[in-house]
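Novice: Residue numbers for the sequence shown, in full-length UniProt numbering: 1 to 394.
Every residue gets a Cβ at the ideal spot worked out from N, C-alpha and C, and that includes glycine.
This one's a predicted model, so the numbers in the text were calculated from it and none came from an experiment.
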Amino acid sequence: MAIQANISFLSSQTSQFLLDSRFTAPLNHNFFSKYLERRKKFKLCSNSKSQDKEDYLIDAPVSIGDGFSFSGGKYSDGPSPSDEWFRKGKMVKAYPVGGTGEKAKDPIFGLTMGRGSQASTDMFRWFCVESGNATNHSVILIHGFPSQAYSYRKVLPILSKNYHAITFDWLGFGFSDKPQPGYGFDYTLDEYVSSLESLIDELTPGKVSLVVQGYPAPLVVRYAINHQEKLQDLILVNPPLMDKHANLPSTLSIFSNFLLGEVFSQDPLRASDKLLTSCGPYKMKEDDAMVYRRPYLTSGASGFALNALSKTMKKELKANIEAMRKILSSEDWKVRTTVCWGQRDRWLTYDGVQNFCKDLGYKLMDLPSAGHHVQEDSGEELGKIISKIISEPV
């Protein structure tokens, strides 16, 4: 696909990035903001509750940034679901930062990236939302790739009635740290497994149930096999179980392409809207879509993380799916396991899933109206199913 760009600079005006008409989705307006005039910074707002009281800024003038990383980028002055969701959470530090501590630079221009794209100096910051009484049994809800903890907003109220429900943003997504690859985190699946262990230990010392949706399922199963004593239930929601599931859908695999992946990952509509709407029957409200879109509007680091993870999944997903099936088929596996499946998933086919669960004696729960991101499409229904499964004696 040919992309033509014409960048013109006028002394009295800001730069315009003109795209060929064949490229239908606009790139991040802030992508070339290093050429914009610097305007006076106005008051920033919206902080999450944080253990070290550091400000995590999500609102700022469009002109603030270094071309790829921005302290904000809010496009309206009124309250938004993103602001409200952010205020419900807190930052939890877990998993040590690797690397030399050098300031991250973008991989295209070599510019030092802004504060929002710099990893913590000691431990990574994870955005977590908790609901319910902490003395109750803990249920950790793990979102898919690419998505956010926000996808569980309809599930949390249902589970919080009887359980301590927790959800979080993976590193590279939502409001969690988004380290530039090569600067402390390289987005390998092994790193995700290790970091998940560190986070769960930080979140709760007791027994937990894990709910994981989509492509991170093999990572969670790899974690679980070494921590079975800590788990009550494992609930897999539209996991990649079959060999054919190792082939990434075109809307996701395109981010792993050389150069084109780097460009498209900086386009909020391709990196967020198109991914969410291509994998299921979603008709999302604009306010909700803006929450998913926000990270790609406010920081180039979100796109670079998506690009790096897509490349990793293309290389490593098949082996991890095989490892997951081997674990789930092993006599050593003792954790009660349930598979929930949204029947309208456009990314992962249902073929073979029913036989897999039947052969291993796993309960299979079908959700006829849901797509790949079941919690987004049928959140209340999924919440009731999870609650019922966990309430049954082991």
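Can at least three beta-carbon pairs, one atom from the stretch 323-331 and one from the stretch 302-314, be found at a separation below 8 Å?
Specialist: no
Novice: Classify M242 as helix, strand or coil using the three-state DSSP reduction.
Specialist: Within the sequence shown, the letter at position 242 stands for residue 242. Correct three-state label for M242: coil.
Novice: Hey, quick one: how far does the beta strand (DSSP E) through K90 stretch, first residue to last?
Specialist: Locating residue 90 in the sequence shown gives position 90, where the first residue counts as 1. The continuous beta strand (DSSP E) containing K90 extends over residues 90-96.
Novice: Ordered along the chain, which non-local residues of its own chain (more than five positions away) have a Cβ less than 6 Å from that of S272?
Specialist: Along the sequence shown, one-based indexing puts residue 272 at 272. Y292, R293, Y296.
Novice: What is the residue span of the alpha helix (DSSP H) that F304 lies within?
Specialist: Taking the sequence shown and counting its residues from 1, the one referred to as residue 304 is at position 304. Element bounds for F304: 300-329.
Novice: Please tell me whether L219 and T337 are closer than 8 Å, where the distance is taken between their beta carbons.
Specialist: On the sequence shown, residue 219 is found 219 positions in, with the first residue counted as 1. On the sequence shown, residue 337 is found 337 positions in, with the first residue counted as 1. In this structure, T337 does not lie closer than 8 Å to L219 by Cβ.
Novice: Got a sec? Which residues, its chain only, sit under 8 Å from P157 by beta carbon, not counting five neighbours each side?
Specialist: Numbered from 1 along the sequence shown, position 157 holds the residue referred to as residue 157. Counting only Cβ-Cβ distances below 8 Å, and skipping sequence neighbours, we find S131, G383.
Novice: With a 10 Å radius around its C-beta and 16 neighbouring C-beta atoms as the bar for buried, classify D377 as buried or exposed.
Specialist: As a working mapping, residue 377 is identified with position 377 in the sequence shown. Only buried fits D377, as 16 or more other CB atoms lie within 10 angstroms of its CB.
Novice: Could you give the DSSP three-state label for V335: helix, strand or coil?
Specialist: Start at 1 with the first residue of the sequence shown, and residue 335 comes out as number 335. DSSP places V335 in coil when its eight states are reduced to three.
Novice: When the cut-off is 8 Å and only beta carbons count, does G89 lie next to chain C?
Specialist: The structure shown contains no chain C, having only a single protein chain.
Novice: Helix, strand or coil: how does DSSP classify D83 here?
Specialist: Taking the first residue of the sequence shown as position 1, residue 83 is located at position 83. In the structure shown, D83 sits in a helix (DSSP, three-state: H, G or I).
Novice: Please classify G352: is it buried, with 16 or more other beta-carbons within 10 angstroms of its beta-carbon, or exposed?
Specialist: Position 352 of the sequence shown, counted from the first residue, corresponds to residue 352. G352 should be labelled exposed.
Novice: Report the three-state DSSP secondary structure of I390 (helix, strand or coil).
Specialist: For the purposes of this step, residue 390 is taken as the residue at position 390 of the sequence shown. Reduced to three states, the DSSP call for I390 is helix.
Novice: What are the boundary residues of the beta strand (DSSP E) that A134 is part of?
Specialist: Within the sequence shown, residue 134 is the residue found at index 134, counting from 1. Unbroken run through A134: none, as it is neither H nor E.
Novice: Note the first and the last residue of the continuous beta strand (DSSP E) segment covering I142.
Specialist: Taking the sequence shown and counting its residues from 1, the one referred to as residue 142 is at position 142. From DSSP, the beta strand (DSSP E) with I142 extends over 138-142.
Novice: Please go through the same chain and pick out, in chain order, the residues whose beta-carbon is closer than 7 Å to the beta-carbon of S256, but skip the five residues on each side of it.
Specialist: Counting from one through the sequence shown, the residue named residue 256 turns up at place 256. S310, K311, K314, listed in sequence order.
Novice: Under a three-way DSSP split, which group does R294 fall into?
Specialist: For this step, residue 294 is matched to residue 294 along the sequence shown. Looking at R294 - three-state DSSP - the assignment turns out to be helix.
Novice: Only counting the same chain, and skipping five residues up and downstream in sequence, which positions put a Cβ closer than 8 Å to that of L275?
Specialist: Here residue 275 corresponds to residue number 275 of the sequence shown, with the count starting at 1. Closer than 8 Å at Cβ, skipping near neighbours: P146, T251, L252.
Novice: Compare the Cα-Cα distances from K363 to each of E380, I385, I254 and report the closest residue.
Specialist: Taking the first residue of the sequence shown as 1, we reach residue 363 at position 363. The candidate whose alpha carbon is nearest that of K363 is I385.
Novice: By how many angstroms is the C-alpha of V221 removed from the C-alpha of S299?
Specialist: As a position in the sequence shown, residue 299 is number 299, starting the count at 1. As a position in the sequence shown, residue 221 is number 221, starting the count at 1. The straight-line gap from Cα to Cα measures roughly 31 Å.
Novice: When you compare only the Cα positions, how much space is there between I389 and K93?
Specialist: Here residue 389 corresponds to residue number 389 of the sequence shown, with the count starting at 1. Here residue 93 corresponds to residue number 93 of the sequence shown, with the count starting at 1. Approximately 31 Å, taken between the alpha carbons.
Novice: Closest to L269 by CA distance: which of M290, V129, V339 is it?
Specialist: As a position in the sequence shown, residue 269 is number 269, starting the count at 1. When only C-alpha atoms are compared, the closest one is M290.
Novice: Is Q232 helix, strand or coil when you go by DSSP?
Specialist: Mapped onto the sequence shown, residue 232 falls at position 232. Three-state result, Q232: strand.
Novice: Suppose contacts are defined by Cβ-Cβ distances below 8 Å. Is S120 in contact with D177 by that definition?
Specialist: Counting from one through the sequence shown, the residue named residue 120 turns up at place 120. Counting from one through the sequence shown, the residue named residue 177 turns up at place 177. Yes, these two residues count as a Cβ contact at 8 Å.
Novice: Which of the three DSSP states, helix, strand or coil, is assigned to R344?
Specialist: Counting from one through the sequence shown, the residue named residue 344 turns up at place 344. Three-state DSSP puts R344 in coil, outside helix and strand.
Novice: Assuming Q213 is part of the beta strand (DSSP E), what are its boundary residues?
Specialist: Taking the first residue of the sequence shown as position 1, residue 213 is located at position 213. That run of the beta strand (DSSP E) goes 208-213.
Novice: Within the same chain, show all residues whose beta-carbon is closer than 8 Å to that of Y192, passing over the 5 residues directly before and after it, in chain order.
Specialist: Along the sequence shown, one-based indexing puts residue 192 at 192. Closer than 8 Å at Cβ, skipping near neighbours: W170, L171, P216, L219.
Novice: Quick check on L111: does DSSP put it in helix, strand or coil?
Specialist: Residue mapping note: residue 111 aligns to position 111 of the sequence shown, counting from 1. Three-state result, L111: coil.
Novice: Once the 5 residues before and after N133 are set aside, which same chain residues still bring their CB inside 7 Å of it?
Specialist: What you label residue 133 is simply residue 133 of the sequence shown in a count that begins at 1. Excluding positions up to five away in sequence, the list reads H164.
Novice: Going by DSSP, name the residue or residues bridged to R125.
Specialist: Counted from its first residue, the sequence shown places residue 125 at position 125. Answer is K93, bridged to R125.
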